[in-house]
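Residues in the sequence shown are numbered consecutively from 37, following this note's numbering.
C-beta atoms are modelled at their ideal positions from N, C-alpha and C, and glycine is treated no differently.
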Amino acid sequence: MISTRLLTGFHRIIPHAAARVADRIRTKIERLAVLGLPHIGRPGLLEGTRELVEAPYVIVYAGDQPNQLIDVLAILHGARDREI
Numbered sequence: 037m038i039s040t041r042l043l044t045g046f047h048r049i050i051p052h053a054a055a056r057v058a059d060r061i062r063t064k065i066e067r068l069a070v071l072g073l074p075h076i077g078r079p080g081l082l083e084g085t086r087e088l089v090e091a092p093y094v095i096v097y098a099g100d101q102p103n104q105l106i107d108v109l110a111i112l113h114g115a116r117d118r119e120i
């Protein structure tokens, strides 16, 4: 089950367009739940994180391989300045 807490902000923009974007992001995140795929995406800016792109958004997550857990840390717009 994927928490929709991170996706709720999208619905304040344009509801029908936001729903499509949220669905695309949710689908991308659900792919991480498939056994053996927590390392898809690129290495993240912070050690221990990875990133999946669902343009124009970047899904930042961390995977716990032994426990097969995925923790979505943030969903950011790709144009956002992400200095560490």
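Limits of the beta strand (DSSP E) - the one that residue i falls within
i, result
"ARG116", "That residue, ARG116, is in no beta strand (DSSP E); it is neither H nor E in DSSP."
"LEU88", "86–90"
"GLY77", "It is not in any beta strand (DSSP E) - GLY77 carries neither H nor E in the DSSP assignment."
Buried/exposed call for residue i, threshold 16 Cβ in 10 Å
i, result
"MET37", "The predicted model places MET37 with a pLDDT of 45, which falls under 50 and marks its position as unreliable; any figure quoted below should be read in that light. MET37 should be labelled exposed."
"ILE95", "buried"
"LEU105", "exposed"
"ARG86", "buried"
"LEU68", "buried"
"GLY77", "buried"
"LEU88", "buried"
Extent of the continuous alpha helix (DSSP H) run through residue i
i, result
"ALA54", "51–68"
Rounded distance between the beta-carbons of residue j and residue i, thought under 8 Å
i, j, result
"ILE61", "GLU83", "No, ILE61 and GLU83 are not in contact; Cβ-Cβ is about 24 Å, not under 8 Å."
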